[in-house]
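Below is one structure; the comments refer to it alone.
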Amino acid sequence: MVRRKRERKEVEPDFEARPRLLGKAKDERDLLPVKEAGGKWKFVKGKHNKASRRAAGEEEEGEEGGEREAEPEGVDEAARQAELQQVARRVEEDAAMVAAKKVSIARLGRRIVEAPYKNVGLLKDLLDMANRDRSPVVQRLALLSCISSLLDVMPAYRIRLPTEKELAMQVSAEVAKLRDFEKKFLVSYEGCLGTLTRWLKSPLPAHRVAAVRAVCEMLKKGYDFNFRDDLISTAVSLSRAADEKERSAACAALKEMFGADVFGEATLLAVKAMSALLKHNSFNVPEDVLECWLHLKLDGAALEPPLTKKMKKKKQSLDPVARELAQAAGERGNRARVQAQILEQVFVAYARVVKNGAHSPLLAVALKGVAQYAHQVNVDLLLDLFTNMRALLSPTAGLSTAASLQCVHALLRLLAGHGQALNVDTKDVQVRLYGLLIESELIEKPPLLATALDCLEHLCTKSRSSLLPARSASIARRLLSIACIAPHAQAIAILCVVSRLIMSCPRIATMLQPAEAGGATFSWSGDIDLEDPDGTVALRTTAWHLALLQRHYHPTVRTLSSKLAETLPPRFISCTPLKLIANFDQASGNFQPPPPQPKPHRFALALKEDPTAVKVFTAAVSSSIPEVRDAAATSMAAAERPCDVSFLGLANAILGSKL
1 MVRRKRERKE VEPDFEARPR LLGKAKDERD LLPVKEAGGK WKFVKGKHNK
51 ASRRAAGEEE EGEEGGEREA EPEGVDEAAR QAELQQVARR VEEDAAMVAA
101 KKVSIARLGR RIVEAPYKNV GLLKDLLDMA NRDRSPVVQR LALLSCISSL
151 LDVMPAYRIR LPTEKELAMQ VSAEVAKLRD FEKKFLVSYE GCLGTLTRWL
201 KSPLPAHRVA AVRAVCEMLK KGYDFNFRDD LISTAVSLSR AADEKERSAA
251 CAALKEMFGA DVFGEATLLA VKAMSALLKH NSFNVPEDVL ECWLHLKLDG
301 AALEPPLTKK MKKKKQSLDP VARELAQAAG ERGNRARVQA QILEQVFVAY
351 ARVVKNGAHS PLLAVALKGV AQYAHQVNVD LLLDLFTNMR ALLSPTAGLS
401 TAASLQCVHA LLRLLAGHGQ ALNVDTKDVQ VRLYGLLIES ELIEKPPLLA
451 TALDCLEHLC TKSRSSLLPA RSASIARRLL SIACIAPHAQ AIAILCVVSR
501 LIMSCPRIAT MLQPAEAGGA TFSWSGDIDL EDPDGTVALR TTAWHLALLQ
551 RHYHPTVRTL SSKLAETLPP RFISCTPLKL IANFDQASGN FQPPPPQPKP
601 HRFALALKED PTAVKVFTAA VSSSIPEVRD AAATSMAAAE RPCDVSFLGL
651 ANAILGSKL
């Protein structure tokens, strides 16, 4: 069967019949689509830039195998040179423009300072330049110049803008001029604060640095001016910044404000803001925040005596004008009340830090603050704080040596002030202090030893009744053992404290006498391992450590150890242990007292009387240097003496009876 061949029909496909699309231009590229107002997407095409065209040309040349020839190098070099010249010209123009604006900023600042009431409106020009100029350098210069001018012409009082009723009244030209100045000044001041707040969040590091610097300078002078709440809150937030320089600058400004604030109102605002910051961050803040509180100006104003009836009656009889004048003279508000509120905020924060336990990184700073302000705190604030601090001294608390010493110091200071009303036995505190004296860190770190000695001095002066003779003798023996191995500066401070212990508890003076003189009758040298300080062993022994200290190389140590039972000289009584260590420390190369000059040798005295014999003594006959032997021979010949005599015989022969 033969199959018939089918005839093929030449059918043209539909896509072949469609019109061809125009190809893309060589410099054309697809851009991102744009959504129109009606919701449709519009596809946009653009042209290649110079870099993309060059890259595309290089790719095409690589694919075609180098069929097309590259453009001449001379054309590219000429275009590149023209572009570089254009960039250099633009840089020069920008530099000239910045220099001209610097001159303009300087002129504006000078005009403001020269006539503030007349040119106060120029502050707005500087502020506009800081906000709108396209050069970041000009922005920073304009803002810093504006703030500097503001601080130079800032009034010494808080500005109160007039009410509508006061504005409707007719006033003199001077009052109107003053009102206009105050209004424009406040507008510029508020604008600067707003700009600084934005700059603190700027991605430009230079803007942030300039803003931090400006905020600190404004806080130092404007802490009692308008908008101080915003200024103080900004500075407090900067005190916990991650950047160390920003944090240190803000803390330094806060410390300076604490020292300069007379009335304490700005200090109270700052302390409240810092307490809220601590609580909000769960006390996870740097130590610098709490260290600022160590510079608070709490000079005992809260302990002022109450007013008598006569004084209260006299104060009530003052007319309003006299009362306002008295407030302007420095009696604004109740200073004692303000300082009491500051102390309450500070000690509430300290109590929360102590409650967190020994692992809190802020514990050491908090204990230092408690010891510094303990004498001004009332009993109500002490109860909870004292219980928590006493729990920290237990062996299971895990405190370091430095933190334990700070805790002991703070507890003793608390109990010495208003804490005396608690009637608490401090035996556990004293035993803990006795155990800390054996730590090697005390000798290695003088500040720790000074803190321990300060605790003992506090016991001698403020809590003398709690010092038992046996405990005092154990402490004295341990201190003398440490003095034997400590440097001379620490040994001097230790001997001064031992002398105060003997004065506070005269019964331990028997340790200074040997058994033959009616003193101690028990000889024992293991005092440094004695665990129970209340045992009578230390009281029945002789302090033979003094025999070693009396042969010390330092004259002051020898003097103090030989006169330990006598009253200390005034220069030792008025010095704290830390100051004594600093005065006698030889780290700077000084030795106190200066060592005496050695006495001149008899040969030196003879040479001083007979200068002609200098060559004889400076040249040795038996020297291995030929020049020295020749000089000796010449000297002997001049003195008509033989050259083969010994040096001592030669000296005796020349000086004769002078020796």
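So in the working numbering, spot 30 of the sequence shown is number 30, and the numbers just go up one at a time. Cβ atoms here follow ideal geometry from the backbone N, Cα and C, with glycine treated the same way. All of these numbers come straight from a predicted model, not from anything done at the bench.
Taking the beta carbon of Q490 as the centre, do at least 16 other beta carbons fall within 10 Å, making it buried, or is it exposed? For the purposes of this step, residue 490 is taken as residue 490 along the sequence shown, with counting starting at 1. Result: buried.
What residues match up with D30 in a beta bridge as DSSP calls it? The residue labelled residue 30 in the question sits at position 30 within the sequence shown. Paired residues: K45.
Name the residue from S239, E265, D288, T426 whose alpha carbon lies nearest to the alpha carbon of K297. As a first step, residue 297 must be located in the sequence shown, where it is residue number 297. Here the closest residue by C-alpha is E265.
Locate the alpha helix (DSSP H) running through M257, then write down its first and last residues. Taking the first residue of the sequence shown as position 1, residue 257 is located at position 257. Taken as a continuous stretch (DSSP letters only), the alpha helix (DSSP H) holding M257 covers 244-260.
Which residues in the same chain as E304 place their Cβ atom closer than 7 Å to its Cβ, once the five residues preceding and following it in sequence are excluded? Reading the sequence shown from its first residue, position 304 is the one you call residue 304. Any answer about E304 is weak, because its pLDDT of 49 lies below 50 and its placement is not dependable; what the coordinates show is given next. Same-chain partners within the cutoff: A336.
Proximity winner among D454, K102, C146, E439, relative to L412 (alpha-carbon distances): Working through the sequence shown from its first residue, we reach residue 412 at position 412. For L412, the nearest C-alpha among the options comes from D454.
CB T536 to CB A470, shorter than 8 Å? For the purposes of this step, residue 536 is taken as the residue at position 536 of the sequence shown. For the purposes of this step, residue 470 is taken as the residue at position 470 of the sequence shown. Cβ atoms of T536 and A470: closer than 8 Å.
Based on Cα-Cα distance, which residue from I342, A78, P203, K102 lies nearest to F258? Counting from 1 along the sequence shown, the entry for residue 258 is found at position 258. With distances taken between Cα atoms, F258 lies closest to I342.
Mind reading off the beta-carbon distance from L127 to I112? Whole number of angstroms is fine, and I expect it under 8 Å. Counting from 1 along the sequence shown, the entry for residue 127 is found at position 127. Counting from 1 along the sequence shown, the entry for residue 112 is found at position 112. Not quite, the Cβ-Cβ distance comes to about 12 Å (not below 8 Å), so this is no contact.
Alpha carbons only, please: which of E36, K45, K40 is nearest the one belonging to D30? Your numbering for residue 30 matches position 30 in the sequence shown. Looking from the CA of D30, the closest CA among E36, K45, K40 belongs to K45.
Put K35 into one of helix, strand or coil per three-state DSSP. Residue mapping note: residue 35 aligns to position 35 of the sequence shown, counting from 1. The answer is strand: DSSP assigns K35 an E or B state.
Given that a residue counts as buried once 16 or more other Cβ atoms are within 10 Å of its Cβ, and exposed if not, what is S525? Looking up residue 525 in the sequence shown gives position 525. Annotation note: pLDDT 48 at S525 (below 50); position unreliable, coordinate value reported separately. The C-beta of S525 has fewer than 16 other C-beta atoms within 10 Å across all chains shown, which makes the residue exposed.
If S188 and K124 are in contact, beta carbons under 8 Å, what's the gap, nearest whole angstrom? To locate residue 188, count along the sequence shown from 1; it is residue 188. To locate residue 124, count along the sequence shown from 1; it is residue 124. Correct: roughly 6 Å between the Cβ atoms.
Short of 7 Å in beta carbon distance, which residues of its chain neighbour S135, apart from the five on each side in sequence? Order them along the chain. Against the sequence shown, residue 135 aligns to sequence position 135. Once the five neighbours on either side are set aside, the close Cβ partners of S135 are V98.
Determine the contact status of L382 and L433, defining contact as a CB-CB distance below 8 Å. Sequence index remark: in the sequence shown, residue 382 carries index 382 (1-based). Sequence index remark: in the sequence shown, residue 433 carries index 433 (1-based). For L382 and L433, no; Cβs fall outside 8 Å.
Which of the three DSSP states is assigned to N583 in this structure? Residue mapping note: residue 583 aligns to position 583 of the sequence shown, counting from 1. N583 falls in the helix class under three-state DSSP.
Only counting the same chain, and skipping five residues up and downstream in sequence, which positions put a Cβ closer than 6 Å to that of R140? Taking the first residue of the sequence shown as position 1, residue 140 is located at position 140. For R140, where only same-chain residues beyond five positions count, the Cβ hits under 6 Å are A210.
For A547 and T510, I'd like the C-alpha separation in whole angstroms. As a working note, residue 547 is residue 547 in the sequence shown. As a working note, residue 510 is residue 510 in the sequence shown. A547 and T510: Cα-Cα distance of roughly 15 Å.
The alpha helix (DSSP H) spanning E190 covers which residue range? Taking the first residue of the sequence shown as position 1, residue 190 is located at position 190. Note, E190: alpha helix (DSSP H), 173-199.
Taking the CB atoms as reference points, tell me whether L399 and L392 lie closer together than 8 Å. Stepping through the sequence shown from its first residue, residue 399 is reached at position 399. Stepping through the sequence shown from its first residue, residue 392 is reached at position 392. Yes; because the gap between Cβ atoms is below 8 Å, this pair is in contact.
Helix, strand or coil for Y117? Go by DSSP, reduced to three states. Residue mapping note: residue 117 aligns to position 117 of the sequence shown, counting from 1. Of the three classes helix, strand and coil, the one that applies to Y117 here is helix, per DSSP.
Assuming L151 contacts E92 under a Cβ cut-off of 8 Å, what Cβ separation, rounded to an integer in Å, is found between them? Start at 1 with the first residue of the sequence shown, and residue 151 comes out as number 151. Start at 1 with the first residue of the sequence shown, and residue 92 comes out as number 92. Contact doesn't hold; Cβ gap of about 35 Å is too wide.
Option in K579, L568, A486, P569 with minimal Cα separation from H554: If you number the sequence shown from 1, residue 554 lands on position 554. Closest by alpha carbon: A486.
Name the two residues that bound the continuous alpha helix (DSSP H) containing P205. The residue given as residue 205 occupies position 205 in the sequence shown. 205-222 is the extent of the alpha helix (DSSP H) around P205.
Around the Cβ of D288, are there at least 16 other Cβ atoms within 10 angstroms (buried) or fewer (exposed)? Position 288 of the sequence shown, counted from the first residue, corresponds to residue 288. So D288 ends up on the buried side.
Taking all protein chains shown into account, do 16 or more other C-beta atoms lie within 10 angstroms of the C-beta of Y157, making it buried, or fewer, making it exposed? Translated into the one-based positions of the sequence shown, residue 157 becomes position 157. Exposed, because fewer than 16 other Cβ atoms sit within 10 Å of the Cβ of Y157.
Please state whether DSSP places R158 in a helix, a strand or coil. Position 158 of the sequence shown, counted from the first residue, corresponds to residue 158. Coil, per DSSP.
Please confirm if the region 343-360 is in contact with the region 264-280, defined as three or more CB-CB distances below 8 Å between the two stretches. yes
Taking only the alpha-carbon atoms, compute the straight-line gap between Q586 and T461 and give it to the nearest angstrom. For the purposes of this step, residue 586 is taken as residue 586 along the sequence shown, with counting starting at 1. For the purposes of this step, residue 461 is taken as residue 461 along the sequence shown, with counting starting at 1. Approximately 30 Å, taken between the alpha carbons.
Might you give, ordered along the chain, the residues of its own chain that have their beta carbon closer than 7 Å to the beta carbon of E439, omitting 5 neighbours on each side? By 1-based counting over the sequence shown, the position of residue 439 is 439. Closer than 7 Å at the Cβ level, and outside the excluded window around E439, lie T401.
Quick check on this structure: which residue in A96, R247, S466 has the alpha carbon closest to the alpha carbon of D425? The residue labelled residue 425 in the question sits at position 425 within the sequence shown. The option with the nearest alpha carbon to D425 is S466.
Run through the region 342-388 for me and flag every whole beta strand (DSSP E) of 3 or more residues, listed as ranges in chain order. none
Alpha carbon to alpha carbon, how far is R107 from S145? Give it in angstroms, no decimals. By one-based count along the sequence shown, residue 145 stands at place 145. By one-based count along the sequence shown, residue 107 stands at place 107. Cα to Cα, the separation comes out at about 10 Å.
Please name the residue, chosen from M389, A242, S248, A253, that lies closest to I232 on a Cα-to-Cα basis. If you number the sequence shown from 1, residue 232 lands on position 232. For the residues M389, A242, S248, A253, the minimum Cα distance to I232 belongs to A253.
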